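What follows is a set of notes on a single structure, which appears directly below.
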Amino acid sequence: MNEWNIQSRAHACGTCSQPFADKQTYRTMLFEAGKELLRSDICEACAQKNDDARSRPGFISQWNGTYEAPPAQPVEAIQKDTAETILRKLVEQKDERYGPAAYILAVMLERKRILKIKEQYKRDDQRIFVYEHAKTGDVLTISDPNLHLDQLEQVQHDVAHLLEHGLNPPAPAEPASTETPVTNPETPAAESETEPVAQPSEAPAVAH
């Protein structure tokens, strides 16, 4: 079962709906509802009134965070994939082929202190790691692929390929054909002038 998931930080309290102010302290609570993870961000005032989160069904974890107002994003002419953007794409696509690569990318970002482990738990004998993004507060869940030593080299190769080429690099365009039609040597010159060779009604499509 695929356990990849992204839970974005809310911009307002999930209980009283008041927008969070910059640098305001809030509380994140994570619950399991069937096969889904539910995140709830609430202000401290509401958290103090509802301090029984641990007794609620499906409770996994809770922690305090500091809200940071999102800065205006400059427009970039070219968006280059990084370990972080590739990991987000992998989680959004939920392609199980990239499970080991996603796990390695998450570990890399943890070492760079971009992601922080907030919790880990088991489901169906598989470890699930709960990461929080240090700046955006987004929560990502990544499953442990239980890699063996003989698999590490291939996974490292896959990660290096993703970092160099991105997740879905565009296919190289095929060059247009430069071949010239060959005139039938048996056709008399005069006849070829008066009866031109019929051309196709449509030019052949060129794959891009």
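As numbered in this note's numbering, residues 99 to 306 make up the sequence shown, in order. Glycine included, each C-beta is placed from N, C-alpha and C at the ideal position. These figures come from a predicted structure and were not determined experimentally.
- Here DSSP, grouped into helix, strand and coil, assigns Ile212 to coil.
- Secondary structure note for Leu136: its beta strand (DSSP E) is the uninterrupted segment 134 to 141.
- Note on geometry: alpha-carbon atoms of Asp149 and Met127 lie some 11 Å from one another.
- Non-local C-beta neighbours of Leu188 in its own chain, meaning closer than 6 Å and more than five positions away in sequence, comprise Tyr196, Ala200, ordered along the chain.
- For Arg152, there is no enclosing beta strand (DSSP E), since its DSSP letter is neither H nor E.
- Per DSSP, Arg225 is not a residue of any alpha helix (DSSP H); the beta strand (DSSP E) it occupies stretches across 224 to 231.
- For secondary structure counted as the alpha helix (DSSP H) over 4 or more consecutive residues, the stretch 242 to 266 holds these complete runs in sequence order: 247 to 263.
- DSSP lists Leu128 as the beta-bridge partner residues of Ser159.
- In the DSSP assignment, Thr183 is bridged to no other residue.
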